[in-house]
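Read top to bottom, the protein sequences are chains A and B.
To convert, count from 1 in the first sequence and add 19; that's our numbering.
To convert, count from 1 in the second sequence and add 19; that's our numbering.
Even for Gly, the Cβ is constructed at its ideal location relative to N, Cα and C.
Keep in mind that this is a model prediction, so the values were computed, not measured.
Number of protein chains: 2
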Amino acid sequence: MTVTIREVAQKLNISITTVSRALDGYDDVSDETRRLVVDTAQQMGYVPNRAARQLRRQRADTIGYILPTETPRFSNPFFAEFVAGLGDEAAANNYDLLVSTAPPKSAAEQEIYARWVHGRKVDGMVLNRLRQRDWRVQYLAQNVFPLVTLQRSLDPLEYPSVEVDGRRWFRALVEHLYSLGRRRIAYVGAAADLVIQTERFQGYQDGLAALGLALDAALVVEGDLTPEGGYRAAQALLNRPVPPDAVACVDDITAMGVLHAAHEMGCVVGKNLAVTGFDGVIGFEHTHPPLTTVNQPVYQIARQMAQMLLAQIAGRPLEPRQVQIEPVLELNASTLGAQK
Amino acid sequence: MTVTIREVAQKLNISITTVSRALDGYDDVSDETRRLVVDTAQQMGYVPNRAARQLRRQRADTIGYILPTETPRFSNPFFAEFVAGLGDEAAANNYDLLVSTAPPKSAAEQEIYARWVHGRKVDGMVLNRLRQRDWRVQYLAQNVFPLVTLQRSLDPLEYPSVEVDGRRWFRALVEHLYSLGRRRIAYVGAAADLVIQTERFQGYQDGLAALGLALDAALVVEGDLTPEGGYRAAQALLNRPVPPDAVACVDDITAMGVLHAAHEMGCVVGKNLAVTGFDGVIGFEHTHPPLTTVNQPVYQIARQMAQMLLAQIAGRPLEPRQVQIEPVLELNASTLGAQK
DNA sequence: CTTATACTCCAAAACGTTTTGGAAGTCAAT
DNA sequence: ATTGACTTCCAAAACGTTTTGGAGTATAAG
């Protein structure tokens, strides 16, 4: 069915070695032969069999990524953009992207790692949604397997990563809220062992401390990075005897739910309640009111990560092994009110 | 580094044939040997090399999907959920999911198809965002390559698909709007050659016709399936001499932008303007006001598609080659108003 | 004329599986 | 004792590449 290197060679009456080398650009084949080979291969529709190549070369030309599907019905624009970035950068380097899904820390997740890493199905792994202690990082480091992460775990290991300073920027949000006169600033977070949670929560605390505000446990609620989580958290907060005058959310998705609950309970967001998000995920400018958030270039981040991973796989030296990405603070009506 | 079948065989002093057959569950190996082999393999951490297996078996145990990244910064929750569904179903059958990204109809897209299909990198392809005439469908059908699609192109070819009746359900939305007293119902669509556009637009026209409303070209605007597209479209519509009293959008993402523009221009959505979406993408219940839409079980759809594709690859007969999925109409405040 | 130096080419050996086509042994029936 | 039917195993051949280690020709240098 499909045409092999052998058929190309046969047609030209030369060895498969020469065909292979001609196509791969070695310089021990004459220009004339090369042209001939390239043309014939093209015209016969020859495409190297990936399995054979991979078996021989001992690499897959593929990088892997596992979607952290906490819930069965998982859907989050952050990941669509993230995967698109990985895919584009991979494709630009003639690599493929292998994707699977598994709940974090599950047996299923471990099995995929075993299959992919030991079965050499991929040459490197991309990780995000890091945990403070992350078995994936430990596992890969132990197997000396290329990886790159978004944010860093606390594991004392050496590996490349891309980072956004969640602590600093979350603090900036808190300071922004303070500057608008907000004094009872609530926090809606996520699972405690997630790195983004600890960082951003730390930033929240930093902000309060710097501004001389006390940390009020009644104003800190755990969400789950879904709109529903944010919705429930906001309901709880707004029913407090003394409700908050601002809610800082761990991410934009959570903030969506908070906005919803706030409207439902009659708050005028931007006026008697300020709300902030984090991530800069699609459509944050189109919520009502438009959301104040920290906008990360997710697509760029993903490309950067893929690029670092590929460099590592190719054995190229990776100059800065930890890259800082600067997000931008987007101030919108959800905190500023209807003034513009 | 990694342990091969040969090492397992050596350790047990048996042939690699037997190890292979024991692990694959053939019945020409004694129970005792099988137990021994399985245990040792497990304990030595043996994982079959995928490339070798694929080369020998002439299949990849992998299905492919290409994200239709129209814009460089692409992010759409629909696709996160879709990919999660594909990934889960694939994983459940010991298959992997290969993902890439390419602008529809681009040279890059064609190249990926060539690589994957001819290089036998995948055993089948999943397609969505179909066009009325879709080169991908034609190409795959021509190469007798397994595929499954969401919605169908007009190409007169026989291939399995999953469908949601966009025409019927969009009409239902229009009828719903009419029942609430809306008479100037606008439509914000997408590129004309997209199947979802033609179907849903047809449903829009069906609805108007059935209700005795005339099609007013001034109320039909083309968007691009992004919030920005919806935002611009709504601005144009609301600035018309006689603005619409309802806007039916081709999808939820577009509707987000429409909501934004409406608020900005002082409309009270649900009261003097009704808005509807389509898809049931994350957070539609959490927009302000919550969006009336047609909610499709995207995750289920994706799993169903993957399942049909895998059956086809395995050569299992596919009973219904065209599966209808029933979405549900979600009536919310964006049309009903604040009554609840 | 011999020796060195490029320049082109190629046969054969891998890579790690699965599958084919038996071989060897055991047991029961003739 | 031979035959036939099972059961359990295995050697060797694939699968389609890339890479190794030369071999063969010219051309230039000694």
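Residue interval of the alpha helix (DSSP H) (run including D43(A)):
Looking at the DSSP string, the run of the alpha helix (DSSP H) that includes D43(A) is 35–43.
Minimum C-alpha distance to R190(A) - residue among V181(A), Y206(A), L176(A), S180(A):
Of the candidates V181(A), Y206(A), L176(A), S180(A), the residue whose Cα lies closest to the Cα of R190(A) is Y206(A).
Could you pull out every residue in the same chain whose Cβ sits closer than 6 Å to the Cβ of A325(A), ignoring the five residues on either side in sequence?
Answer for A325(A): L105, E108, A109, listed in chain order.
Using three-state DSSP, classify S49(A) as helix, strand or coil.
Of the three classes helix, strand and coil, the one that applies to S49(A) here is coil, per DSSP.
Measuring straight from C-alpha to C-alpha, what distance separates R92(B) and A133(A)?
Take the alpha-carbon of R92(B) and the one of A133(A): they are about 32 Å apart.
Do you know how far the Cα of E26(A) is from the Cα of T360(A)?
Outside the displayed range of chain A (20 to 359) lies residue 360(A), so it cannot be described from this structure.
Using DSSP with H/G/I as helix, E/B as strand and the rest coil, what is L146(A)?
The answer is strand: DSSP assigns L146(A) an E or B state.
Taking the beta strand (DSSP E) that I24(A) belongs to, which residues open and close that run?
I24(A) -> not in any beta strand (DSSP E); alpha helix (DSSP H) instead, spanning 24–31.
When you compare only the Cα positions, how much space is there between T295(B) and A274(B)?
Looking at the two C-alpha atoms, the distance is approximately 7 Å.
Does the CB of S353(B) have a neighbour CB from chain A at under 7 Å?
Between S353(B) and chain A, the shortest Cβ-Cβ separation is not below 7 Å.
Tell me, which residues are paired with T312(A) by DSSP?
Beta-bridge pairing links T312(A) to E349(A).
The segment 23–56 of chain A: which residues have C-beta closer than 8 Å to a C-beta of chain B, in chain order?
Under the 8 Å Cβ criterion, the segment 23–56 of chain A contributes no residue.
Is there a Cβ from chain B that is less than 7 Å from the Cβ of I215(A)?
Closer than 7 Å: no.
Rounded to whole angstroms, what is the Cα-Cα separation between P179(A) and M327(A)?
Using only the alpha carbons, I get a separation of about 8 Å.
G276(B) vs P246(A) beta-carbon contact at 7 Å
Pairing G276(B) with P246(A) gives a Cβ-Cβ distance that is not under 7 Å.
Rank I131(B), R72(B), N95(B), R139(B) by C-alpha distance to the C-alpha of P67(A) and give the top, closest one.
It is R139(B).
Would you tell me roughly how many angstroms separate the C-alpha atoms of D58(A) and I35(A), rounded to the nearest one?
Distance from the CA atom of D58(A) to the CA atom of I35(A), rounded to whole angstroms, is 15 Å.
Distance check for M63(A) and N32(A), CA to CA, integer angstroms please.
Our two residues, N32(A) and M63(A), have alpha carbons roughly 15 Å apart in a direct line.
S94(B) versus K30(B) - alpha carbon distance:
CA-to-CA, the gap between S94(B) and K30(B) works out to about 51 Å.
Give every residue of the same chain whose Cβ lies closer than 6 Å to the Cβ of Q343(A), excluding the five residues on either side of it in the sequence, and list them in chain order.
Sequence-distant partners of Q343(A) (beyond 5 residues in either direction) whose C-beta falls short of 6 Å from its own C-beta, in its chain, are E182.
For A255(A) versus A280(A), is the C-beta distance shorter than 7 Å?
Their beta carbons are not under 7 Å apart, which means A255(A) does not touch A280(A) by this criterion.
Counting Cβ pairs, one atom from each stretch, are 3 or more of them under 8 Å apart for the segment 196–212 of chain A and the segment 229–244 of chain A?
Under the 8 Å Cβ criterion, the segment 196–212 of chain A counts as touching the segment 229–244 of chain A, having at least three qualifying pairs.
Identify which residue in A111(B), N112(B), A121(B), N113(B) has its Cα closest to the Cα of D115(A).
When only C-alpha atoms are compared, the closest one is A121(B).
Contacting residues, own chain, Cβ-Cβ under 6 Å from R148(B) (five flanking each side not counted)
Spatial neighbours of R148(B) in its own chain (CB-CB distance under 6 Å, excluding positions within 5 residues in sequence) are listed in chain order as P87.
When you compare the CB of I301(B) with every CB in chain A, is at least one pair closer than 7 Å?
It does; some Cβ of chain A falls within 7 Å.
Run down chain B in chain order and give the residues with a C-beta less than 7 Å from the C-beta of Q73(A).
In chain order: A70.
What residues in the segment 317–333 of chain A have a beta carbon less than 9 Å from any beta carbon of chain B?
Result list: V317, Y318, Q319.
CA-CA distance, P339(A) and D184(B)?
Straight through space, the alpha carbons of D184(B) and P339(A) are spaced by roughly 52 Å.
Euclidean distance between Cα positions of K359(A) and A99(A)
With a pLDDT of 42 at K359(A), under the threshold of 50, the modelled position of that residue is not reliable, and the figure given next carries that caveat. The alpha-carbon separation between K359(A) and A99(A) amounts to approximately 32 Å.
S94(A) versus chain B: which residues are under 8 Å apart at the beta carbon?
In chain order, P96, F97, A99, E100, A103, V300, I301, V317, Y318 make up the part of chain B whose C-beta sits under 8 Å from the C-beta of S94(A).
Checking 7 Å against the spacing of the C-beta atoms, do I82(A) and G143(A) come in under that value?
Yes, they are a contact pair.
L230(A) to H282(A) span [Cα, whole Å]
The alpha-carbon atoms of L230(A) and H282(A) are separated by roughly 29 Å.
Quick check on the burial criterion: 16 or more other C-beta atoms within 10 angstroms. Buried or exposed for V347(A)?
Here V347(A) is exposed, its C-beta having fewer than 16 other C-beta atoms within 10 Å.
Buried or exposed for T90(A), please, with buried defined as at least 16 other CB atoms from any protein chain shown within 10 angstroms of its CB.
So T90(A) counts as exposed.
Between which two residues does the beta strand (DSSP E) harbouring Q83(A) extend?
Reading the sequence as shown, one finds Gly at residue 83(A) and not Gln. Judged by DSSP secondary structure, G83(A) falls within the beta strand (DSSP E) whose first and last residues are 81–87.
How about P309(B) and N351(B): do their beta carbons lie closer than 7 Å?
Cβ atoms of P309(B) and N351(B): closer than 7 Å.
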